[in-house]
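Structure first, commentary second.
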Amino acid sequence: MKKRVFSGIQPTGDLHIGNYLGAIQHWVKIQHEYDCIFCVVDLHAITVPQEPKALKAKTREVAALLIASGIDPKIASVLVQSHIHEHSELTWILNCFIPMGWMRRMTQFKEKSQKQKEEVSTALFDYPALMAADILLYDTDEVPVGEDQKQHVELARDVAQRFNSICGDTLIVPKAVIAEAGARIMGLDDPTQKMSKSEEQPGRAINLLDSPDDMRNKIMRATTDSLREIRFDESRPGVNNLLVIYEQFTGQGRKEIEARFEGKGYADLKRELAEVVVEGLSPMQARYRELTADPSHIERLLAEGAGKVRPIAEKTLALVKERVGLG
Ligand code: ATP
Ligand code: LTN
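Those letters in the sequence shown? Residues 2 to 328, per the working numbering, in order.
The following block contains the structure:
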């Protein structure tokens with residue numbers, strides 16, 4: 002029996018090379034080894050206001066980008082969260098097993114809610130409970146995520162353990178798996194901030210659907226420092242970030258990369274990096290165009306994805322309801 006892996010991605014903003022290197026590429030690699038479920042989490046997206054038409058389109062775009070990046074829907078399951086109503090239902094039940102104190106400790110909510118003050122939705126506070134439901138619904142063993150999501154996966158673990166201790170063994174206790182290199186790609190304009198799709202700073206992120214010229218322009222304008230030497234050094238976040246991106250796209254070793262740029266300037270590094278990124282993403286972009294030429298194609302793939310996993314979700318929810326005494 003293969004171990005089960007579940008991960009999710011929000012259909013908000015444009016997917017960028019941080020998502021690609023930190024998450025998607027890793028998912029592509031593990032799909033043969035694990036029983037993988039990749040979910041476009043539209044219910045998470047509506048924890049902040051969304052324009053309905055745009056959300057629907059983004060959900061399809063993100064799913065198509067996952068598949069274009071190499072996730073094979075015949076091997077892994079790719080689905081839309083709201084297509085399986087059990088996610089919402091399990092969230093409610095889990096809410097009843099999560100002490101407020103656990104939720105209050107979630108750092109992402111603290112950061113995100115500071116921007117919105119009193120306008121912030123109750124659902125944004127409850128975001129980790131929905132995420133726990135996503136994970137626990139499918140008997141997940143491992144959850145590959147970026148560093149920023151580790152705390153949420155820990156919460157899912159805690160909830161599973163608490164539920165099991167109160168109601169009897171029911172839920173599989175999952176664990177977070179953080180990819181090592183490339184786990185955190187930083188913004189090009191500001192390498193002290195992570196590359197993020199909800200920050201609308203032009204020049205921050207290289208989006209997966211950017212034109213080659215846009216990619217080149219953003220890289221050429223990336224913030225560096227006033228030193229000269231080109232080497233991996235976390236105390237110099239700008240250059241370090243460019244080198245990490247180079248490393249991730251080429252698969253070359255750090256020594257080899259440093260030797261390659263010895264005696265060269267930042268402009269050389271940026272020019273070469275731009276070509277590496279443009280070429281690295283071009284096959285994916287071509288597959289994306291093919292895949293989305295007929296919109297019914299992706300619709301069909303998503304219906305199949307949901308169809309494959311629905312029996313697992315139904316079974317878990319039925320057992321949970323039974324254990325709690327519902328129905
Ligand atoms: P937002 O900024 O809107 O929260 P995001 O760009 O962080 O969005 P998510 O949907 O939260 O993207 O994350 C999808 C996946 O991509 C997660 O596994 C996340 O950890 C990873 N990821 C996001 N940003 C980066 C980054 N800068 N570097 C590496 N991985 C990232
Ligand atoms: N919160 C995650 C997305 C996400 C997720 C999940 C990841 C929602 N549900 C379940 C792993 C498992 C994020 O913003 N990256």
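Just so you know, even glycine gets a beta-carbon here, dropped at the ideal spot from N, CA and C.
Just so it is clear, the structure is predicted and the values come from calculations on it, not from any experiment.
| Query | Result |
| --- | --- |
| Inside the segment 74 to 149 only - alpha helix (DSSP H) runs reaching at least 4 residues | 87 to 96, 101 to 105, 108 to 117, 123 to 138 |
| VAL277 versus PRO175, LYS322, PHE250, ARG5, residue with shortest Cα-Cα distance | PHE250 |
| C-alpha distance - GLN109 paired with ASP149, whole-angstrom precision | 8 Å |
| MET216 in three-state terms, based on DSSP | helix |
| Among PHE98, HIS45, SER114, VAL63, nearest to SER83 - alpha-carbon criterion | HIS45 |
| Check: ASP295 C-beta below 7 Å from any heavy atom of the ligand LTN | no |
| Check: GLY266 C-beta below 7 Å from any heavy atom of the ligand ATP | no |
| Straight-line gap, ILE25 to PRO100 (C-alpha atoms, nearest Å) | 33 Å |
| Any 3 or more C-beta pairs closer than 8 Å across the segment 221 to 239 and the segment 172 to 182 | no |
| Cβ contact check for the segment 187 to 202 and the segment 161 to 171: 3 or more pairs under 8 Å | no |
| Beta carbon of ALA307 nearer than 8 Å to that of ILE85 | yes |
| 8 Å Cβ cutoff met for LEU292 and LEU80 | no |
| HIS9 CB to nearest heavy atom of the ligand LTN below 7 Å | Residue 9 is actually Gly in this sequence, not His. The answer is yes for GLY9. |
| For CYS168, the residue or residues it bridges with in DSSP | Answer by DSSP bridge pairing: none, since CYS168 is not bridged. |
| GLU28, buried or exposed, once every other Cβ within 10 Å from all chains shown has been counted against 16 | Per the sequence shown, residue 28 should be read as Trp rather than Glu. When all chains shown are included, TRP28 counts as buried. |
| Segment contact, 8 Å Cβ cut-off, at least three pairs: the segment 306 to 321 with the segment 129 to 138 | yes |
| First through last residue of the alpha helix (DSSP H) which encompasses ASP43 | 43 to 46 |
| Near the ligand MG: VAL146 beta-carbon under 7 Å from a heavy atom | Absence of the ligand MG is noted for the structure shown, with the ligand ATP and the ligand LTN being the only ligands found. |
| Whether VAL42 touches PRO145 by CB criterion (8 Å) | no |
| GLY239 classed as buried or exposed, judged by whether at least 16 other C-beta atoms fall within 10 angstroms | buried |
| Residue environment, CYS97, which counts as buried when at least 16 other CB atoms sit within 10 Å | exposed |
| Closer than 7 Å: MET196 CB and nearest the ligand ATP heavy atom | yes |
| C-beta atoms of LEU16 and VAL49 nearer than 8 Å | no |
| Beta-carbon contacts of ILE299 that lie in its chain and below 8 Å, excluding the five residues immediately before and after | ARG61, ALA64, ALA65, ILE68, LEU292, THR293 |
| Continuous beta strand (DSSP E) stretch holding GLY9: start and end | 5 to 10 |
| Close beta carbons around VAL325, own chain, < 7 Å, minus the five adjacent residues each side | ILE94, CYS168 |
| Selection from LYS116, GLY204, VAL178, ILE179 that minimises the alpha carbon distance to GLY188 | GLY204 |
| Identified DSSP bridge partners for ASN208 | HIS17 |
| Collapsed DSSP secondary structure at LYS195 in the structure displayed | strand |
| is_contact[GLU280, chain B] using C-beta, thresh 8 Å | Note that chain B does not occur in the displayed structure, where there is just one protein chain. |
| Which of helix, strand or coil DSSP assigns to VAL178 | strand |
| Cβ-Cβ separation, ALA133 to LEU156 (assumed contact under 8 Å), whole Å | 6 Å |
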